[in-house]
Amino acid sequence: MRKSIIILIALLGVGWVVWNLHTVLLQLPDDADQGPVYRIMFFHIPAWFSAGIAVFIALGSSIGYLITKNLKYDAVALATTEAAVAFLTIGLVTGSIWGRISWGIWWTWDARLTSALVCWLLYAGYLVLRTAIEEPSQRARISAVLQIFAFADIPIVWYSIEWFRTQHPGPVLRGSGEMDGAMKAAVYANWPALMLVAAAFVLLRLRQEEVKREIDSLRRIVHAG
Amino acid sequence: MDQRNIEFMFYGLASAWVILGVYALTLLTRERKIDAELKRLRGLVENREETK
Chain H
64 MRKSIIILIA LLGVGWVVWN LHTVLLQLPD DADQGPVYRI MFFHIPAWFS
114 AGIAVFIALG SSIGYLITKN LKYDAVALAT TEAAVAFLTI GLVTGSIWGR
164 ISWGIWWTWD ARLTSALVCW LLYAGYLVLR TAIEEPSQRA RISAVLQIFA
214 FADIPIVWYS IEWFRTQHPG PVLRGSGEMD GAMKAAVYAN WPALMLVAAA
264 FVLLRLRQEE VKREIDSLRR IVHAG
Chain R
143 MDQRNIEFMF YGLASAWVIL GVYALTLLTR ERKIDAELKR LRGLVENREE
193 TK
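Written as structure tokens, this is what we have:
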């Protein structure tokens with residue numbers, strides 16, 4: 064894909080997030096208990112959702128690689144996992160800052176936070192592992208297996224607030240702890256905006272992998288000559 | 143807007159932007175490096191073909 068289209072997607076995403084910030088900061092009321100700090104949720108929740116979509120695509124691509132042995136699937140898995148790690152980092156950091164005010168602590172080892180940290184470590188580990196293996200098909204195969212293994216943590220992260228008693232709040236978009244409709248709408252508006260930013264990251268990373276393949280083939284020509 | 147702990151709201155929002163910005167910068171730096179490498183290798187291959 065042309066770089067100008069990728070930049071356009073990124074600018075659209077960033078513009079949309081800035082527009083949503085206007086709503087979040089100036090139109091929504093403060094939370095009666097938490098004050099203004101609850102507004103962190105408008106980044107925290109969509110960041111986790113975006114990371115969730117990215118790891119779903121990475122899982123599908125890894126399975127696709129194992130079935131077809133086509134390295135393009137491996138490139139998609141790598142690009143989406145990198146974007147996922149960026150958004151998982153946003154989720155962990157923003158959650159910790161919110162927790163400092165809401166709970167009085169930066170961190171606690173409850174089921175949600177621990178499984179989320181394990182999730183981050185698994186996907187960051189995936190990226191580190193890739194740098195340690197030189198041979199492309201071996202790297203793709205081992206990475207795909209790790210990707211499937213890492214995904215096993217996702218349902219644990221998702222359902223931990225229902226399965227266990229956690230410091231982390233229960234679901235806020237459904238059930239008894241549901242947010243006000245206008246607040247929920249702001250969460251859902253920021254999600255596609257962040258997804259556009261994530262899409263730009265993934266497309267740029269995919270383009271880089273394509274160029275890297277061309278570099279590898281040119282290197283072979285240079286060394287053969 | 144209520145001023146209670148308002149600085150933590152800004153820390154939270156700013157940290158999200160900083161993480162996105164750092165990752166975008168990493169991608170752009172990598173982009174510049176691989177573009178330069180591609181240009182160098184293409185030049186090498188073209189030179190070799192011209193001398194043949």
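The listed protein sequences correspond, in order, to chains H and R. Its first residue numbered 64, the first sequence is counted upward by one per residue in my numbering. Its first residue numbered 143, the second sequence is counted upward by one per residue in my numbering. All C-beta atoms, glycine included, are put in the ideal place defined by N, C-alpha and C. Small disclaimer: the values here were computed from a predicted structure and weren't measured.
**OP:** Give the DSSP-derived three-state secondary structure of Asp94 of chain H in the structure shown.
**Re:** DSSP, reduced to helix, strand and coil, places Asp94 of chain H within a strand of the structure shown.
**OP:** Determine, using beta carbons only, whether Val156 of chain H and Ile161 of chain R come nearer to each other than 8 Å.
**Re:** At the C-beta level, Val156 of chain H and Ile161 of chain R come within 8 Å of one another.
Subject >> Contact list for the segment 174 to 188 of chain R against chain H, Cβ threshold 8 Å >> reply: If the cut-off is 8 Å between Cβ atoms, the segment 174 to 188 of chain R has Ile176, Asp177, Glu179, Leu180, Leu183, Arg184, Leu186 and Val187 near chain H.
**OP:** Run down chain H in chain order and give the residues with a C-beta less than 7 Å from the C-beta of Leu169 of chain R.
**Re:** Within chain H, the residues near Leu169 of chain R are Phe264, Leu267 and Arg268.
**OP:** Spell out whether any CB of chain R is found under 8 Å from the CB atom of Lys275 of chain H.
**Re:** At least one CB atom of chain R sits nearer than 8 Å to the CB of Lys275 of chain H.
**OP:** Run the CB neighbour count on Leu259 of chain H, radius 10 Å, all protein chains shown included, and call it buried at 16 or more, exposed below.
**Re:** Burial check for Leu259 of chain H: the Cβ neighbour count within 10 Å reaches 16 or more, so the residue is buried.
**OP:** Report whether the distance from the Cβ of Ala149 of chain H to the nearest heavy atom of the ligand FAD is below 7 Å.
**Re:** This structure does not include the ligand FAD; it has no bound ligands of any sort.
Original post:
From which residue to which residue does the alpha helix (DSSP H) around Pro234 of chain H run?
Top reply: Premise fails: Pro234 of chain H is in no alpha helix (DSSP H) and is neither H nor E.
Original post:
In the structure shown, what three-state DSSP assignment does Ala215 of chain H receive?
Top reply: Look at Ala215 of chain H here: in three-state DSSP terms it is coil, with no helix or strand label.
Original post:
How would you write the range of the alpha helix (DSSP H) that Ile161 of chain R sits in, first residue to last?
Top reply: In the DSSP assignment, Ile161 of chain R falls within the alpha helix (DSSP H) that extends over Ile148 to Thr193.
Subject >> Continuous alpha helix (DSSP H) stretch holding Leu180 of chain H: start and end >> reply: From DSSP, the alpha helix (DSSP H) with Leu180 of chain H extends over Ala174 to Ala195.
Original post:
Taking the alpha-carbon positions, what's the Ala146 of chain H to Phe112 of chain H distance?
Top reply: Ala146 of chain H and Phe112 of chain H: Cα-Cα distance of roughly 12 Å.
Subject >> 8 Å Cβ cutoff met for Ala114 of chain H and Leu151 of chain H >> reply: For Ala114 of chain H and Leu151 of chain H, yes; Cβs fall inside 8 Å.
Subject >> Rounded C-alpha distance that separates Ala110 of chain H from Trp79 of chain H >> reply: If I take the Cα positions, the gap works out to 14 Å.
Subject >> Which listed residue (H:Ala149, H:Ser67 and H:Gly233) has its alpha carbon closest to that of Ile116 of chain H >> reply: For Ile116 of chain H, the closest alpha carbon among the candidates H:Ala149, H:Ser67 and H:Gly233 is that of H:Ala149.
Original post:
So, helix, strand or coil for Asp243 of chain H, using DSSP?
Top reply: Coil.
Original post:
How many Å lie between His85 of chain H and Trp226 of chain H at the Cα?
Top reply: Take the alpha-carbon of His85 of chain H and the one of Trp226 of chain H: they are about 36 Å apart.
Original post:
Would you say Pro255 of chain H faces chain R, with C-beta separation under 8 Å as the test?
Top reply: Closer than 8 Å: no.
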